[in-house]
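Notes follow the structure.
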Amino acid sequence: MRYLIIISLFLSSVFASEADDIIKKLDNNMRGESVYMKISMNIKSLRHERTIKMQTWSKGKDKSFVKITYPPRERGITFLSLDNEMYNYIPKIERTIKIPPSMMLQNWMGSDISNDDMVKQSSIVDDYDAKIIKKDGSIVTIELTAKENAPVVWGKIISKIDTTHYTGVEDTFYDEYGEKIRIFSYGDVKKFGKYYIPTVWKIQPVSKKNNLTTMIVEDAKYDEEISDQYFKKSALKRFSR
Amino acid sequence: MYKTILHLAIKNALLRKTRAALLIFMIGASMSFMLSLEGLYDGMTKNMIDMNLRSESGEISIYAKEYRLKQDIRYSIKNAAKIKEDLAQIGSINSVVSRFKVSGLIASAKKSYPSDLIGVDFKAEEEFGKISEFIKKGDLNLGKNGCAVGKELAKNLKLRLNSKIIFTTQDANKNIKSKLLRVKAVIQTTNINIDNKAIFIDIDSVRNFVGVDHGSATQISIRSQDKNLEQKLKAQYPKLDVLTFAQINPLLKQMQDMTVVFNTISFSIVMGVVFIGILGVMYVSILERIREFGIMSAVGYSYSNIRLQVILESLFLAILGFLLGSVLSLVSLYYLNSYGLDLKEFADGMQSFGMSSVIYADIKIEYFVRTFYAIVFASIISVFLPLKKIKKLNPVDVIKAES
Amino acid sequence: MFELALKNILFYKGRSLTTFLLTFISATFFVVYVAFLDGSHESMLKNSLKVYTGSMQIYQKDYRDEGGYDYLIYDNKKIFDILENVDGVYAYTSRLETYGIASSKSESSAMMISGVDFKKESKISELKNALVDGVYQSTQNCLYMGQDLAKKLDVYLHSEVSFVGNAIDYSFAADIFKVCGIFKTGMYEFDSSSAFLNREYFDDLFYSHNTSSYIAVTVDDLSQNNYLAQSISKKLPKDIRLYTWQELMSEMVEAMKVDSIFGYISISLLFFVIFFVILIYGFINISARIKEFGTLKSIGISDTQIDKLLFLEVFIITMVALSLSAIIGGYCAYYFEINPIVMEGMSEMYKDYGIISDEIPTVFDLFTIFWNLSVILFLNLLSVLYPIYYVRKFSPIEAMRHV
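Chains as they are written, first to last, in the working numbering: chain A, 14 to 254; chain B, 75 to 477; chain C, 15 to 417.
Right under this line is the structure:
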C-alpha cells in the first residue's frame with residue numbers, strides 16, 4: 014500500500030514538473046529573451062469589424078511596448094507595460110495617461126482581451142499550478158489551477174499544447190464555478206529563427222457568440238538587441254512617430 | 075366618610091354597564107393602538123441610528139482634514155495608534171476602533187464593480203458594535219485571504235461563500251496592485267455605504283497591501299455617551315476633523331427629531347379625542363342624576379363631597395381604561411418588539427433607503443407614564459362643566475323639577 | 015321618517031353637534047392629509063424623474079442587460095418620428111453614454127461622458143438648473159461637468175481635460191476638452207462621474223450620428239404616463255423596448271408604498287378613536303331615549319323602521335358634515351396644489367433623497383376625496399349598529415318602563 018502511495022506521489026511530481034516544464038518551454042517560445050513582432054488584429058463584434066496593425070517589443074516577462082501602425086486614425090498610439098502598470102500615449106491629444114485600476118478590466122482597443130491580460134501575460138507560470146491530465150500523441154492537455162494566493166479571476170485554465178514544437182493549441186478559461194468564459198485558439202505554426210510560434214491566435218468569449226478577435230503574427234524577430242529606451246516612459250512619445 | 079364616597083363613586087360609575095364598558099374599552103383600545111404605533115416609529119428610527127452607530131460612525135468619528143472630501147488614502151491619520159492609546163485613557167469612552175479604507179475595483183470572472191476595502195480589527199469591532207450580529211451568511215473565521223462582503227455587493231457580483239474576488243487599487247505610491255480575497259461572510263447592516271460597497275478584512279492586511287505605516291488609519295470611531303466629549307476632542311486634536319454622529323448623518327438625526335414631533339402631535343390629538351369621549355359620558359351621567367345630587371345636597375351632603383365623588387367616578391373609569399390599555403399595549407409592544415412587523419414584501423424599497431425590512435418596536439416606560447398623566451388629567455377636567463351645574467343647584471328646584 | 019329624524023337631530027343638540035364636529039374635523043383632516051401625502055410622493059417622484067431620468071426611457075431590448083456598443087438604438091429618427099405623433103408627449107431626447115478615462119494635469123479618473131442635445135435636455139432634465147458655474151449650453155469641445163468630478167480631477171472653469179475612450183466602432187476616441195460649465199444636482203454618484211458634451215461635437219468624435227444609448231421621454235401629465243407608455247410601445251419596432259419610470263425606479267416606488275401604508279395606519283389611529291367616541295355618544299343618546307322608542311314600538315312602528323330612523327339620524331348628520339368637509343378640504347387641496355407651501359432650505363437638506371424643490375405640494379384628486387369621505391361615512395354608519403342592536407332587545411313594554 015505504502016509503495017503505491019509513494020510511487021503515485023513520485024509519478025505525479027514527475028508529471029507535475031513535466032507540466033511546469035512544458036509550460037516554461039511554451040513561454041520561452043513565445044517570448045525568447047526578447048522579441049519583436051508585427052501583428053495584425055481583426056476585431057469582430059455584433060455590428061462592426063475592424064483591423065488594426067501594430068508592432069510590439071518585449072523584453073523578459075515584465076516589459077513590453079506596443080505601437081499601433083494602422084489605421085491612420087490610430088497610428089502612433091503607443092502602450093507601455095511595466096510590471097503591473099500600463100501607460101498609453103495618444104498623439105492626437107499629445108497626452109500620456111496611466112490606466113487606473115478601474116479601467117484595467119476594460120477591453121484593450123475594443124478587442125476581447127483586457128488591459129489586464131496585456132499586462133499579465135507572464136503570470137501563467139507564477140500564478141498557476143500545472144498538472145498534465147491527458148496525452149494524445151504530441152498534444153498534451155494541462156490543467157492549470159490558480160494558486161491559493163494568486164490575484165487572478167480565473168478558477169482554472171485547460172491548456173492544450175503541441176509538444177512537437179511547444180506551441181499552444183487551445184486555452185480554455187474557466188471561472189471558479191467551472192463555467193467556460195473564453196477560449197483562445199492558436200494555429201498556423203511558423204518558425205522564426207530558432208523559435209516556433211503559432212501565427213494565428215483567435216480569442217472567443219463564450220457568452221458573446223458574435224465576437225471574435227483574430228491576431229496574425231506577420232513577422233517576429235527574436236533575441237535581437239532591443240534598446241532599453243523602449244521601456245521607459247519617454248518611449249511612449251518618442252517612438253510614436 | 076371617604077370610604078363611603080369611594081364606594082358611591084364606584085357604584086355609580088358602574089351603574090350603566092354598557093356605557094362604562096364602552097368607555098373603558100375605548101380608552102384601552104385607543105391607548106394600545108397609539109402606543110403600538112409610537113413604539114414602531116421610535117423603534118424604526120432607533121434601529122436605523124443604532125445600525126449606523128455600530129457599523130460605521132460611532133457617536134464620534136475622527137478623520138484627517140480633507141479626507142471626507144477627497145476620500146484618498148493620502149489623507150489618513152498618521153499617528154492613529156497613539157491617538158487610540160490616548161483615547162483609551164479617557165474614562166467616558168466605551169470603545170474605540172480604527173479603520174483603514176481604500177477605494178478600488180472588485181472583480182469576479184464575469185463582472186467588476188467599484189468598492190471599498192475596509193481594514194478593521196474584528197475583535198475591537200465586536201466590542202464596538204457587535205459586528206457578528208450583522209452576519210447573514212458564513213462567519214468571521216476569515217482565515218487567510220478571507221473577507222466579509224456587504225450583502226448588496228455580493229448580490230450584484232453574484233458571489234457565494236468561498237467565491238474568489240480580486241480587489242485592485244492604487245497603493246500609497248500610486249502603483250496598481252491586486253489582491254485575492256475569498257468571501258467568508260456576507261453582512262447586512264442596512265447602512266447603504268456598507269451593504270453596497272464594503273469588503274472587510276483585517277486592518278494589518280490592508281496596511282501591508284497598500285504600503286502604509288502600522289500606526290495609520292483613515293477613520294477613528296468612538297462610542298461614548300459623554301456629551302462633552304466632542305468639545306474635548308476638538309480641542310485636543312485641532313488638526314483633525316472631529317465629527318459627531320449628527321454632523322456625519324444629518325438626515326438620520328432629522329428623522330429622529332421628526333419622529334418625536336410626530337409622536338407628540340398624534341398623542342395630543344388622540345388624548346384630545348379621548349377627553350371628548352370621557353366628557354360626553356360623564357356629562358350625561360351626571361345630568362341624569364341631577365335629582366339625586368339635589369337630594370344629597372338637601373340632606374346635608376356638602377358640595378366638596380359631591381365633587382370628590384364625581385371626580386372619583388371619572389377617575390375610576392379612566393384608570394380602568396388605562397389598565398386595560400396597558401395590558402393590551404404590553405402584549406402588542408412585546409410582540410412587536412420580539413417578532414417585529416415583517417414588511418419583507420417591500421424589502422427592496424426599504425433597503426434602498428437604508429431601512430431593514432422587519433421593524434421592531436421600542437418599549438419605553440415614558441409611553442405609559444405620559445398616557446397615565448394625560449388620562450388622569452382628562453378625566454378630572456372633563457367633569458368640570460357638569461360640576462358647575464351641580465354647584466348652581468337649588469335643591470328645592472331640583473326635587474321639584476322633572477328629570 | 016325623514017322629518018322625524020331631522021327633528022330628533024335638532025332636539026338632541028349635544029349628540030348631534032359632537033357627532034357633526036368630530037365627523038367634520040376628521041373628514042377634513044383626512045382629505046387634507048392624504049392630499050399632502052400624495053403630493054409629497056408625487057413631488058418626490060417628479061423631482062427624481064425630473065433630475066435626469068424622465069418618465070419613460072426607450073432602449074434596444076438587450077441594452078440594459080449587456081451594455082456596451084452592440085445594443086444601441088441605431089436609428090433615432092425612426093423613433094423620433096413615432097414620438098412626434100403622440101399626443102401627450104412633452105419632450106424627448108437622445109442620449110449616448112460612454113465611459114472613458116479623463117485626465118487633468120494632476121489626476122485621472124473614470125468618467126461617464128454623454129452626448130446630449132442641450133436644448134432638449136432643458137425640457138427633460140434638471141441639468142440646466144443644476145448649473146453652479148460657467149455656461150450650460152456650450153458648443154465645440156466644451157464639457158459640462160459634475161462638481162464632484164471636477165474636484166476629483168482638481169480642475170476648474172476653463173481647465174483642460176483630456177479624454178480617452180472608444181468610439182462606436184470600438185476605435186480610439188481621444189480629445190482634449192475644456193471645462194465650460196459645472197453643475198451640482200446633489201446626487202453624489204452622478205456629480206462625481208458625469209460630464210456632458212454637445213451632440214454635434216460628440217457625434218463627430220464618437221461616430222455616433224443618429225445613434226443612442228437610450229431615448230428619454232417626459233409627458234405632459236404624469237398620471238397619463240402608463241397609458242401613453244402602452245400606446246407608444248405598440249408602435250415601436252420589435253427589438254426596441256420602452257421602460258416606464260416604475261420599472262426604472264422600482265425601489266423608489268416600493269419605498270413610497272411603504273410610506274403611504276404608514277401614513278394610512280397613522281391616520282387610522284385617529285379614526286379609530288373618533289369612531290369610538292361617536293359610538294359612545296350615539297349609544298348614550300339612544301339609550302336615553304328607550305322610552306321614546308318604546309312608545310314608537312307600541313303604536314305599531316316596526317323594529318326595521320326604528321333602525322331606519324336611527325340610521326337616518328346618523329346619515330344626515332354625517333352627510334352635512336361631509337359636504338362641508340368636501341368643500342373646505344377640497345378647496346385646501348386645490349389651493350395648495352396651485353400655491354404650494356414653501357419650506358426654505360428643505361431641498362438642501364433632502365437632496366440625497368431626490369428632493370430638489372422647497373415646495374410642499376398637494377394633489378387635488380376628486381376620486382381620492384370621494385373615497386376618503388366614503389370611508390368616514392361607512393365608519394359612522396357602523397357606529398350606530400351596536401345602539402340599534404341594543405334598542406331591538408327591548409320589547410315595547412320593557413322599553414316604556416325603562417329608566
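C-beta: ideal position from N, C-alpha, C; glycine also. Note that the structure is a prediction, hence the values are computed from the model and not measured.
- Taken through DSSP and simplified to helix, strand or coil, C/Ala164 comes out as helix.
- Leaving aside the five residues that flank C/Ser176 on each side, the residues in its chain whose CB is nearer than 6 Å to its CB run, in chain order, Ser117 and Ile190.
- Cβ-Cβ separation between C/His416 and C/Ile315: approximately 17 Å, too far for a contact (criterion under 8 Å).
- The closest CA to that of C/Gly343, considering only C/Ser264, C/Val48, C/Leu110 and C/Arg213, is found on C/Val48.
- Within chain B, no residue has its CB atom less than 9 Å from the CB of A/Trp121, the nearest being about 15 Å off.
- With a threshold of 8 Å between beta carbons, B/Met424 makes contact with chain C.
- Comparing C-alpha distances from C/Met414 to each of C/Thr199, C/Leu310, C/Gly82 and C/Glu351 shows the shortest one belongs to C/Leu310.
- No Cβ of chain C is located within less than 8 Å of the beta carbon of B/Met356.
- Per DSSP, A/Phe92 is one residue of the beta strand (DSSP E) stretching across Thr91 to Leu95.
- Taking a beta-carbon distance threshold of 8 Å, C/Ala116 does not count as an interface residue toward chain B.
- Taking a C-beta distance under 8 Å as the contact criterion, B/Phe202 and B/Ser298 do not qualify as a contact pair.
- Excluding its 5 nearest sequence neighbours in each direction, C/Val149 has C-beta neighbours in its own chain below 6 Å: Cys194 and Gly195, listed in chain order.
- B/Ser106 has no beta-bridge partner at all, per DSSP.
- The continuous beta strand (DSSP E) containing A/Pro218 extends over residues Tyr208 to Pro218.
- Taking C-beta atoms as the reference points, A/Thr109 and A/Lys250 count as a pair closer than 8 Å.
- A distance below 8 Å separates the beta carbons of B/Ser150 and B/Ser290.
- Chain-ordered, the chain A residues with CB closer than 8 Å to the CB of C/Ile190 read Ile106 and Arg108.
- C/Leu387 and C/Pro375 have their C-alpha atoms some 21 Å from each other.
- Cα atoms of B/Leu389 and C/Ile313: separation of roughly 42 Å, rounded to the nearest angstrom.
- Using a C-beta cut-off of 8 Å, the region 52-61 of chain C makes contact with the region 263-276 of chain C, since at least three inter-stretch Cβ pairs fall below that distance.
- Here DSSP, grouped into helix, strand and coil, assigns B/Gln163 to helix.
- Contact with chain C is absent for A/Asn128, since none of that chain's Cβ atoms lies less than 8 Å from the residue's Cβ.
- Residue burial is scored here from C-beta neighbours: C/Glu203 has fewer than 16 other C-beta atoms within 10 angstroms and is therefore classed as exposed.
- The beta carbons of C/Tyr104 and C/Ala230 sit no closer together than 8 Å.
- Distance between C/Thr32 and B/Val347, taken at the CA atoms: about 11 Å.
- Residue A/Val182 holds the alpha-carbon nearest to the alpha-carbon of A/Thr212 among A/Asp241, A/Arg195, A/Val182 and A/Gly150.
- In this structure, the straight-line span from the alpha carbon of C/Thr232 to that of C/Gly68 is close to 5 Å.
- Taking C-alpha positions only, B/Lys144 is separated from C/Lys166 by approximately 7 Å.
- For C/Asp253, same chain residues with a beta-carbon under 7 Å away, outside a window of 5 residues either side, are Gln74 and Lys75 in chain order.
- For C/Thr112, the pairing in a beta bridge is given by DSSP as C/Ile127.
- Using a Cβ-Cβ cut-off of 8 Å, A/Trp70 does not count as an interface residue toward chain B, since no Cβ of chain B sits closer than that to its own.
- Under DSSP, B/Ile151 takes part in a beta bridge, and its partners are B/Ala291.
- In this structure, the beta-carbon distance from B/Val176 to B/Val316 does not fall below 8 Å.
- Excluding five sequence positions before and after A/Val165, the CB atoms of its chain that fall closer than 6 Å to its own CB belong to Asp140 and Ala159, given in chain order.
- Counting only Cβ-Cβ distances below 7 Å, B/Leu80 has no contacts in chain C at all, with the closest Cβ about 24 Å away.
- Chain C has a Cβ within less than 8 Å of the Cβ of A/Glu87.
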